[in-house]
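What follows is a single structure, written as structure tokens, with notes after it.
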Amino acid sequence: MASRQEPIPEGWEPVSGHHHHAGLININETCYQNSVLQALFHIPAFITILTVEGPQCKKNPCTSLLCAVYSVFCEMKKNKTVSPTAITSLYPLHFKLFQLGRQEDAHEFLVQFVEIISSELQSRILQRLEGDPAVDIIPATYRCFGGLLGLTGICSCKSIHEVDDFYLHLFMPLSHDTNSIQRGIEQLLNETEDVLHDCEACKKKMAIFHNSVKVKYYPQYLVVQFPKES
1 MASRQEPIPE GWEPVSGHHH HAGLININET CYQNSVLQAL FHIPAFITIL TVEGPQCKKN
61 PCTSLLCAVY SVFCEMKKNK TVSPTAITSL YPLHFKLFQL GRQEDAHEFL VQFVEIISSE
121 LQSRILQRLE GDPAVDIIPA TYRCFGGLLG LTGICSCKSI HEVDDFYLHL FMPLSHDTNS
181 IQRGIEQLLN ETEDVLHDCE ACKKKMAIFH NSVKVKYYPQ YLVVQFPKES
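1 is the number of the first residue of the sequence shown in full-length UniProt numbering; add one for each residue after it.
So this is what it looks like as structure tokens:
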């Protein structure tokens with residue numbers, strides 16, 4: 001299967017040219033959502049994706065999260081305070097595990113948010129390509145907030161395989177020995193358990209050994225989540 005990586009938008013104007021520092025109303029304990037949105041609205045690549053893809057949808061009514069976020073962003077350019085009801089109204093459809101009126105985790109919301117937006121982008125791009133099933137689309141949002149691990153495995157049939165594994169987050173250890181992101185990733189990869197993948201040659205499960213895992217590329221934007229206190 002061919003793979004097509006959507007390029008991360010470059011050459012945008014400074015964020016200050018797009019963002020007007022508007023506030024978002026906290027609807028039913030959704031401050032976690034608003035904090036994620038405010039952070040994303042300060043990322044130039046995300047703003048470019050939003051302003052390019054948002055106006056292209058002509059559905060009415062529309063249940064796209066991307067369109068809802070775009071409409072809230074447009075309102076924030078015109079008003080000092082905005083109600084994000086266009087997004088919260090889609091919770092029953094897109095965020096079924098999140099309950100309005102209950103405090104939720106901002107990082108969990110971000111992960112779900114990126115996955116939904118990426119899926120919608122993938123569908124739109126495939127439509128432009130007339131639904132070519134031979135093309136595996138990697139949306140720009142995944143390139144912004146995710147990375148790629150390269151895994152090497154040796155099957156019992158002696159075949160050597162390289163497998164790419166996308167990641168949206170890595171759970172790195174925190175200790176006095178972890179004094180950098182790079183060191184944390186090294187420790188994480190050393191502690192990774194063996195993974196099984198299908199061997200294309202003999203169709204059996206082959207082992208991906210943890211000491212053969214490498215980071216092929218890192219996210220362009222780093223999101224750091226510190227563990228909650230127990």
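Glycine included, every Cβ here is placed at the ideal spot set by N, Cα and C.
This one's a predicted model, so the numbers in the text were calculated from it and none came from an experiment.
Cβ-based burial, residue i [other Cβ within 10 Å; buried from 16]
| i | result |
| --- | --- |
| Pro84 | buried |
| Cys199 | buried |
| Cys31 | exposed |
| Gly11 | Caution is warranted here: a pLDDT of 42 is assigned to Gly11, below 50, making its placement in the model unreliable, and the coordinate value is therefore given only provisionally. Exposed, because fewer than 16 other Cβ atoms sit within 10 Å of the Cβ of Gly11. |
| Leu50 | buried |
| Val224 | exposed |
| Leu149 | buried |
| Phe166 | exposed |
| Ile117 | buried |
| Ser64 | buried |
| Glu110 | Here the sequence assigns Leu to residue 110, which means Glu is not the residue at that position. It counts as buried. |
| Pro61 | exposed |
Range of the contiguous beta strand (DSSP E) that encloses residue i
| i | result |
| --- | --- |
| Leu149 | Gly147 to Ile154 |
| Glu162 | Ile160 to Tyr167 |
Selected residue, minimal CA-CA separation from residue i, among the options
| i | options | result |
| --- | --- | --- |
| Phe113 | Val213, Ala39 and Lys216 | Ala39 |
| Val52 | Cys67, Phe109, Thr63 and Cys62 | Cys67 |
| Thr88 | Cys157, Asn26, Ser212 and Phe41 | Asn26 |
| Ala22 | Asn79, Leu97 and Ser64 | Asn79 |
| Pro44 | Ile160, Gln220 and Val224 | Gln220 |
| Ile185 | Ile138, Lys214 and Val223 | Lys214 |
| Cys157 | Leu129, Leu151, Ala201 and Leu188 | Ala201 |
| Ser212 | Tyr218, Asp177, Met172 and Ile160 | Ile160 |
Where the alpha helix (DSSP H) containing residue i begins and where it ends
| i | result |
| --- | --- |
| Glu120 | Ala106 to Arg128 |
| Val36 | Cys31 to Leu40 |
| Leu170 | No alpha helix (DSSP H) contains Leu170, which DSSP labels as neither H nor E. |
| Leu222 | Counting along the chain, Leu222 falls outside any alpha helix (DSSP H), and DSSP gives it neither H nor E. |
The ligand NAP heavy atom lying under 8 angstroms from the CB of residue i
| i | result |
| --- | --- |
| Glu130 | As for the ligand NAP, it is missing from this structure, which has no ligand bound. |
Task: the segment 109-127 touching the segment 175-184, judged by at least three CB pairs closer than 8 angstroms - done: no
Task: Contained alpha helix (DSSP H) runs [length at least 4] in the segment 56-100, N- to C-terminal order - done: 65-76, 85-88 and 91-94
Task: Cβ contact check for the segment 135-151 and the segment 71-83: 3 or more pairs under 8 angstroms - done: no
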